[in-house]
Every structure is written in structure tokens, then in C-alpha cells.
Amino acid sequence: MSTFPSGVAVVTSQDQQGALRGSTCTSLCSVSLRPPILLVSLHLRSGTLATIRRAGSFAVNFLHSRGRYAAELFSTAVADRFRRIEWERTPNLSQPWLVRDAHATAECRLTETVEVADHGVVFGVVREVLTVRGAPAPLLYGQREYRRWPEALTAEG
Ligand SMILES: Cc1cc2nc3c(=O)[nH]c(=O)nc-3n(C[C@H](O)[C@H](O)[C@H](O)COP(=O)(O)O)c2cc1C
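Its first residue numbered 4, the sequence shown is counted upward by one per residue in the numbering used here.
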């Protein structure tokens, strides 16, 4: 899969007890249009997965190219990740919104979780999409490296 480049997101969630968790995630895809449903696949040991299950909602923060620090922070074992980054609550579902690092954020209500081997596949119906006008281009990840959005190909390739 390292040869299949993708965008990079940080999936965040806060439960009713106030526990805040977030994980960098590239196993993310669009599932349906009506209603808009997406999925993220998280390891069964992921603290973020446990929090999403308790909270019943989560946010998908689609990172831009200046969000690399967030991608690195949310993929490490650092405990107080949310103290090291700017965040706010999303307007409708009050989920953690990485305002400085995401070019768009989808607020999602959990519909179901399906366990497949060592991962939990989380399905969420998108309630609102927040976009940042004029944000840098999306951050990419492929061949085990972060990359910038490339120039468009010419007809000759
Ligand atoms: C670029 C990148 C993409 C990642 N994608 C995923 C993913 O899709 N699913 C997953 O479970 N972990 C993924 N990880 C690993 C998690 O971000 C990492 O294990 C994180 O510490 C989990 O945090 P948590 O246990 O607090 O949820 C990825 C890491 C990197 C660097």
C-alpha cells in the first residue's frame, strides 16, 4: 500500500467524559453520497477508536501541506497531543477541529464499526464540512514519505 499515495487526515474525537484522542490516518475513503458516508480504518488498540465508540461522533481533519507537524504529532505515542496544537470544537458535534492544520474538516456521526482482523472499520455519516478558504494544498503521503501536491501533468505526462 505504500505505493498507493493518499491524502493525510487526523481523526479526532472527544467523549462525554472529556477524553480527547486523535490519530493520523490514511486508511480513509468515501463510501456513499446520499447520505454522505465515509470510513476510516483504525487499529483495535487505537485509543482514538475507543473514544469514537464511546463518543458516537468524530471529526476527520484533512491536512494541508503546512499540517505535517500535526501528522507527525498524531502518529506518535505523545500523551498530551492536544496541548501541543491549536484546536477548537466543531460547531455542530463539538468534536476537535484542527483549525490551523486542516484545509477541510468533516464532522461525522458514527453509524457502525465493523471489526476486520486487527482493525475496526468506522463508518460515519458526514453532518457538516468546514472548509478553510485559501488554505494550502493537501498534504500527501506515499512511499513512506510526506509530499506536496504536485503540478498537474501535461498531456505528454
Ligand atoms: C502517515 C500515517 C498514516 C497512518 N494511518 C493509520 C491508519 O489509517 N489507521 C491506523 O490505525 N493507524 C494509522 N497510523 C498510525 C497511527 O497514527 C498511530 O498508531 C497513532 O499513534 C495511534 O494513536 P491512538 O492509539 O491514540 O489512536 C498512521 C501513521 C502514519 C504516520
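Cβ coordinates follow ideal geometry from the N, Cα and C atoms, glycine included. None of the values given here were measured: they were computed from a predicted structure.
{"Check": "Quick one: is the Cβ of His-46 within less than 7 Å of any heavy atom of ligand 1?", "Outcome": "yes"}
{"Check": "For Gly-70, which residues in the same chain have their Cβ closer than 6 Å to its Cβ, ignoring the five residues on either side in sequence?", "Outcome": "Asp-104 and Leu-142"}
{"Check": "Could you spell out the range, first to last residue, of the alpha helix (DSSP H) harbouring Arg-56?", "Outcome": "50-58"}
{"Check": "DSSP three-state call for Ala-80: helix, strand or coil?", "Outcome": "coil"}
{"Check": "Tell me whether Phe-85 sits in a helix, a strand or coil according to DSSP, three-state version.", "Outcome": "helix"}
{"Check": "On the three-pair Cβ rule with 8 Å, is the segment 30-37 touching the segment 90-110?", "Outcome": "no"}
{"Check": "Determine the closest residue to Val-63 out of Ala-82, Leu-113, His-46 and Val-81, with distance taken between C-alpha atoms.", "Outcome": "Leu-113"}
{"Check": "Where Arg-136 and Val-119 are concerned, what is the direct C-alpha to C-alpha distance, given to the nearest angstrom?", "Outcome": "37 Å"}
{"Check": "Ser-68 lies in the beta strand (DSSP E); which residues open and close that run?", "Outcome": "Where Ser-68 is concerned, there is no enclosing beta strand (DSSP E), given that its DSSP letter is neither H nor E."}
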